[in-house]
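These notes concern the structure reproduced below.
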Amino acid sequence: MPKLIVLTEEIEPTSFEFTKEATSVGRDDENDITLPHQSVSGSHAELVMRGEDVHVRDLGSTNGTYINGNKVAESPLQPSEVITFGEVELKLDGPRKAQSHDKHLEQGVRFGNLDSAPKG
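By my numbering, the letter at position 89 of the sequence shown is numbered 89, and the numbering carries on one by one without gaps.
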């Protein structure tokens, strides 16, 4: 299961594991992930598992949700990317998935009579 590693020092606990398909994030205690920081809205965002993929959706928060410094309303989240809720930074921990074009390169590409498949 993927988990979020907290990068902001004053936040405890220091990691959160995904245990449900939809995980709520915010300052209020009723959230699955509670981030007790003034910059985090009561109901800030939602993290949704779609198969093996993690998606984040901002819930109209005051200070926004960012992935690697870019503000997002809804976006997939890749392992090792930094997600920021208000001023609280976390990193998604988990194996990085190969991009689809990498898979084609590994398998080789066939053009007409030329075969670029790796030899060996």
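We put the CB at the ideal spot given by N, CA and C, even for glycine.
{"Query": "E10 to G42 span [Cα, whole Å]", "Result": "18 angstroms"}
{"Query": "C-alpha distance - R110 paired with E52, whole-angstrom precision", "Result": "A caution first: R110 carries a pLDDT of 47, below 50, which makes its placement in the model unreliable, though a value can still be read off. Each residue's Cα considered, the two are about 30 angstroms apart."}
{"Query": "Alpha-carbon spacing of S75 relative to T34, whole angstroms", "Result": "21 angstroms"}
{"Query": "Expected contact under 8 angstroms - CB spacing of H37 and R50 to nearest Å", "Result": "Wrong, their Cβ atoms sit about 27 angstroms apart, outside the cutoff."}
{"Query": "C-beta contact flag for V6 and L90 at 8 angstroms", "Result": "yes"}
{"Query": "Helix, strand or coil at S75 according to DSSP, with G and I counted as helix", "Result": "strand"}
{"Query": "S61, buried or exposed, once every other Cβ within 10 Å from all chains shown has been counted against 16", "Result": "buried"}
{"Query": "Boundaries (first-last residue) of the beta strand (DSSP E) holding R57", "Result": "53–58"}
{"Query": "Backbone CA spacing between D93 and T23 [nearest angstrom]", "Result": "16 angstroms"}
{"Query": "Alpha-carbon to alpha-carbon, N31 and N195", "Result": "Outside the shown range of the chain, which is 1 to 120, sits residue 195, and nothing can be said about it."}
{"Query": "According to DSSP, residues forming a beta bridge with R27", "Result": "DSSP, once it has assigned bridges, lists no residue as partnering R27."}
{"Query": "C-alpha distance - N63 paired with E17, whole-angstrom precision", "Result": "24 angstroms"}
{"Query": "Element boundaries [beta strand (DSSP E), containing D93]", "Result": "88–93"}
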